[in-house]
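Chemist:
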Amino acid sequence: MIERTVNVMEAAEMIPCSRSHVYKLLEVGEIEGYYTGNRRGLRVIEGSVEAFVERRKEEAGVGV
Numbered sequence: 001m002i003e004r005t006v007n008v009m010e011a012a013e014m015i016p017c018s019r020s021h022v023y024k025l026l027e028v029g030e031i032e033g034y035y036t037g038n039r040r041g042l043r044v045i046e047g048s049v050e051a052f053v054e055r056r057k058e059e060a061g062v063g064v
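For the sequence shown, the UniProt record's numbering gives the first residue as 1, with consecutive numbering after it.
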């Protein structure tokens with residue numbers, strides 16, 4: 001199965017947060033991503049961003 005990916009800016013819009021915060025989330029392992037060897041640079045796994053947003057909603061008690 002091919003995982004859908006987004007760039008850092010798109011991930012920031014999904015969360016919503018700044019691009020620098022996305023890099024911090026990647027660094028600590030809250031979301032997953034990887035560097036590619038071409039111009040696309042860093043790719044963030046879309047499903048990990050969606051899961052992160054859901055975890056935050058649950059922790060805040062939103063939508064429960």
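The beta carbon of each residue, even a glycine, is placed where N, CA and C say it ideally should be. Bear in mind that the values here come from a model prediction, so they are computed numbers and not experimental data.
#1: Scan the UniProt domain "Helix-turn-helix" (8-56) and note each continuous alpha helix (DSSP H) run of 4 residues or more that stays entirely inside, going in chain order.
#2: State the Cα-Cα distance for the pair E50 and E13, rounded to the nearest angstrom.
#3: Could you compute how far the alpha carbon of N7 sits from the alpha carbon of G29?
Modeler: Answer, in terms of the structure:
#1: 8-14 and 19-28
#2: Here residue 50 refers to the residue found at position 50 of the sequence shown. Here residue 13 refers to the residue found at position 13 of the sequence shown. The straight-line gap from Cα to Cα measures roughly 11 Å.
#3: Residue mapping note: residue 7 aligns to position 7 of the sequence shown, counting from 1. Residue mapping note: residue 29 aligns to position 29 of the sequence shown, counting from 1. Distance between the alpha carbons of N7 and G29: 16 Å.
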